[in-house]
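Asks:
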Amino acid sequence: MGRSPCCEKAHTNKGAWTREEDERLVAYIQAHGEGCWRSLPKSAGLLRCGKSCRLRWINYLRPDLKRGNFTEKEDELIIKLHSLFGNKWSLIAGRLPGRTDNEIKNYWNTRIKRKLLSRGVDPLTHRPINESAIDDMTTSLGAVLEEEEITSGIWV
DNA sequence: AACATAGACAACCGCCAGTCA
DNA sequence: GTGACTGGCGGTTGTCTATGT
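For the first sequence, the numbering used here assigns the number 385 to the initial residue and increments by one for each residue that follows.
1) Residues in its own chain within less than 7 Å of I413 by CB, not counting five upstream and five downstream?
2) Can you find the residues in the same chain that come closer than 8 Å, C-beta to C-beta, to R503, ignoring five residues on each side of it along the sequence?
3) Only counting the same chain, and skipping five residues up and downstream in sequence, which positions put a Cβ closer than 8 Å to that of W421?
4) Checking the sheet assignment: what are the DSSP bridge partners for V505?
5) Taking DSSP as the reference, what is the three-state secondary structure of A415?
6) Using a threshold of 7 Å, state whether the C-beta atoms of D459 and W473 are closer than that.
7) What residue range does the alpha helix (DSSP H) around P425 cover?
8) Once the 5 residues before and after A477 are set aside, which same chain residues still bring their CB inside 8 Å of it?
9) Considering only C-alpha positions, which residue in the set P481, N471, L475 and I463 is nearest to R498?
10) Along the chain, where does the alpha helix (DSSP H) that runs through N486 open and close?
11) How many angstroms separate the CA atom of V410 from the CA atom of Y491?
12) State the Cα-Cα distance for the pair P512 and R479, rounded to the nearest angstrom.
13) Are the CB atoms of L430 and R408 within a distance shorter than 7 Å?
14) When you compare the CB positions of L475 and F469, do they come within less than 7 Å of one another, or not?
15) Out of curiosity, what's the CA-to-CA distance linking N471 and R451?
Put into structure tokens, the structure is as follows:
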């Protein structure tokens with residue numbers, strides 16, 4: 385027998401949250417605090433699964449969230465922390481007050497990755513692209529060329 | 001004006017670790 | 001010691017908006 389699902393999917397809403405749902409969730413947490421997420425939806429009168437409520441609260445409704453654009457300073461900090469921790473978004477978020485792991489993850493994937501690439505830096509390894517790329521390319525190209533030479537017998 | 005494409009971000013899914021009976 | 005349950009995390013997807021053609 386497998387694990388029971390975290391909620392009754394048939395009786396829960398999915399997709400974007402409505403203003404009314406937000407208000408209910410905020411009101412409930414303000415009155416009772418962050419308690420048991422599993423029972424929260426029922427107690428708060430929400431047709432959502434506990435996980436969904438937790439995510440909505442943490443990523444969007446928490447009063448201490450900063451929201452808005454990341455500053456240049458935050459950018460650099462994220463890059464530095466990523467080079468130390470890798471994709472440990474919660475660790476990185478812990479060092480950026482008012483920012484959530486989800487927000488940082490999205491920001492990384494949509495903007496910082498591109499920013500680093502345009503600087504010629506590999507966002508995974510934080511090494512200059514040429515260095516790591518050339519290593520990879522020479523190995524794979526070598527293999528391809530070798531094979532081509534063997535199969536065609538011609539090298540221009 | 002209409003459509004296509006890219007970018008941004010909210011939300012979901014599945015897995016894992018910790019806790020407790 | 002073991003299995004069920006829960007919270008938390010990272011990866012991925014879906015949807016909305018902006019921009020280009």
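Yeah, the Cβ is synthetic: ideal placement off N, Cα and C, and Gly gets one too.
All of these numbers come straight from a predicted model, not from anything done at the bench.
Replies: Let's see:
1) The count along the first sequence starts at 1 and reaches residue 413 at position 29. Here the set comprises W441.
2) As a working mapping, residue 503 is identified with position 119 in the first sequence. There are no such residues.
3) The count along the first sequence starts at 1 and reaches residue 421 at position 37. G434, K435, C437 and R438.
4) For this step, residue 505 is matched to residue 121 along the first sequence. BP columns for V505 point to P512.
5) Residue numbering aside, residue 415 sits at position 31 when the first sequence is read from its first letter. DSSP places A415 in helix when its eight states are reduced to three.
6) Translated into the one-based positions of the first sequence, residue 459 becomes position 75. Translated into the one-based positions of the first sequence, residue 473 becomes position 89. Result no, Cβ atoms of D459 and W473 do not sit closer than 7 Å.
7) Counting from one through the first sequence, the residue named residue 425 turns up at place 41. P425 -> alpha helix (DSSP H) spans L424 to A428.
8) As a position in the first sequence, residue 477 is number 93, starting the count at 1. Same-chain partners within the cutoff: R483, T484, D485, E487 and I488.
9) Sequence index remark: in the first sequence, residue 498 carries index 114 (1-based). Closest option to R498, Cα to Cα, is I463.
10) For this step, residue 486 is matched to residue 102 along the first sequence. Note, N486: alpha helix (DSSP H), D485 to Y491.
11) Locating residue 410 in the first sequence gives position 26, where the first residue counts as 1. Locating residue 491 in the first sequence gives position 107, where the first residue counts as 1. Distance between the alpha carbons of V410 and Y491: 25 Å.
12) Along the first sequence, one-based indexing puts residue 512 at 128. Along the first sequence, one-based indexing puts residue 479 at 95. Going by the C-alpha atoms only, they are around 26 Å apart.
13) Along the first sequence, read from residue 1 onward, the residue named residue 408 stands at position 24. Along the first sequence, read from residue 1 onward, the residue named residue 430 stands at position 46. Against a cut-off of 7 Å, the Cβ pair of L430 and R408 comes out as a contact.
14) Taking the first residue of the first sequence as 1, we reach residue 475 at position 91. Taking the first residue of the first sequence as 1, we reach residue 469 at position 85. Yes, they are a contact pair.
15) In the first sequence, the residue the question calls residue 471 occupies position 87. In the first sequence, the residue the question calls residue 451 occupies position 67. So the two alpha carbons sit approximately 21 Å from each other.
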